[in-house]
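Residues in the first sequence are numbered consecutively from 205, following the working numbering. Quick notes on the structure that follows.
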Amino acid sequence: MVQEEVRKGPWTEQEDLQLVFYVKMFGDRRWDFLAKVSGLKRSGKSCRLRWVNYLNPGLKRGKMTPHEEQLVLQLHSKYGNRWSKIAGKLPGRTDNEIKNYWRTHMRKLAQDEKKNNKASISPSSSNFSNCSSSSANSPAVDSSTEQNELLQVVEANKTYEEDQNMMVYSMDEIWKEVESSQEIETRNDLPVMASNTWDYCPDSLWMTHDHYYYDNTQDFSFFTG
DNA sequence: AACTAATACAACCGCATTCGA
DNA sequence: GTCGAATGCGGTTGTATTAGT
């Protein structure tokens, strides 16, 4: 058997365009199928990750706002390392993003503490000192205070939403930019259908995600010119 | 200007869970 | 009910960029 080569590493712009095209066509499910049908030499897993963490139009780009940071801290103390759960409370942010933020945050915190300890022998009084001790397996869930915490989260969300009005660059907007700036150039290297893979496309697939298909066909006019 | 360290972000891997035949 | 494939999640690593010297 000849093992088909699977590409790894950073995604190219062309790969991104191809993936967006096929996700719009078939929906963000059946990643193995998408990987095959798109002709991308990527695993389904890799395609999913790329979509979820980068290409998804609902994503918010850019630095976390102070409110989001606060929210992450609050939610982490509540849920521990349940990143997807935390991400669910932060619209437009991915678990990966939050995880990365947390990691950086904790490292910075640890370094600051070190510095403080060197500067003064007095014990640390960091606000987050208890966060670092709440490990993945032991989220600090306290049902008695749960409601109170939720209220805080809701409050934080309110201000977060206000922030959103000020600075949101969704992937939609980014792609609009891409569309307008590249309309001409990309036409020469449109994604090529992996011809024979279409042959095994079962009807059921179209049934499953037909709403995606019908809803989005007009959106990729930029692809077909 | 060149080098190094720190930081942020992207991607991969392995395991667990879910789903469908 | 079982089993294999697909999907989701969390941990980890790799890489590009920025800041500091």
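Each residue gets a CB set at the ideal place from its N, CA and C atoms; glycine is no exception. Only a predicted model underlies this, so the values are computations on that prediction, with no experimental measurement involved.
Just to confirm before moving on: does the CB-CB distance between residue i and residue j stay below 9 Å?
{"i": "R254", "j": "R246", "result": "yes"}
{"i": "A239", "j": "G231", "result": "no"}
{"i": "L279", "j": "K293", "result": "yes"}
{"i": "L263", "j": "R297", "result": "yes"}
{"i": "S250", "j": "K303", "result": "no"}
Starting from the Cα of residue i, find the closest Cα among the options and give me that residue.
{"i": "N285", "options": "D316, P214 and M310", "result": "M310"}
{"i": "V210", "options": "I302, E217 and D236", "result": "D236"}
{"i": "N257", "options": "Y305, N300 and N304", "result": "N300"}
{"i": "K228", "options": "P261, Q218, E217 and T216", "result": "P261"}
Just to confirm the assignment, what range does the alpha helix (DSSP H) spanning residue i have?
{"i": "L238", "result": "W235 to S242"}
{"i": "V276", "result": "P270 to Y283"}
{"i": "D220", "result": "E217 to F230"}
{"i": "S288", "result": "W287 to K293"}
{"i": "K249", "result": "G248 to R254"}
Please report the distance separating the alpha-carbon of residue i from that of residue j.
{"i": "S275", "j": "G266", "result": "Contrary to the premise, residue 275 reads as Leu rather than Ser in this sequence. The alpha-carbon atoms of L275 and G266 are separated by roughly 16 Å."}
{"i": "L259", "j": "Q315", "result": "34 Å"}
{"i": "Y226", "j": "P270", "result": "36 Å"}
{"i": "L244", "j": "L223", "result": "8 Å"}
{"i": "W215", "j": "L221", "result": "10 Å"}
{"i": "E217", "j": "E273", "result": "30 Å"}
{"i": "D376", "j": "P295", "result": "Unreliable positioning characterises D376 in this predicted model, as indicated by a pLDDT of 49, which lies under 50. A coordinate reading is not provided."}
{"i": "Y305", "j": "S281", "result": "15 Å"}
{"i": "S242", "j": "A291", "result": "29 Å"}
{"i": "L277", "j": "R252", "result": "27 Å"}
{"i": "M268", "j": "W287", "result": "15 Å"}
{"i": "K289", "j": "Y283", "result": "8 Å"}
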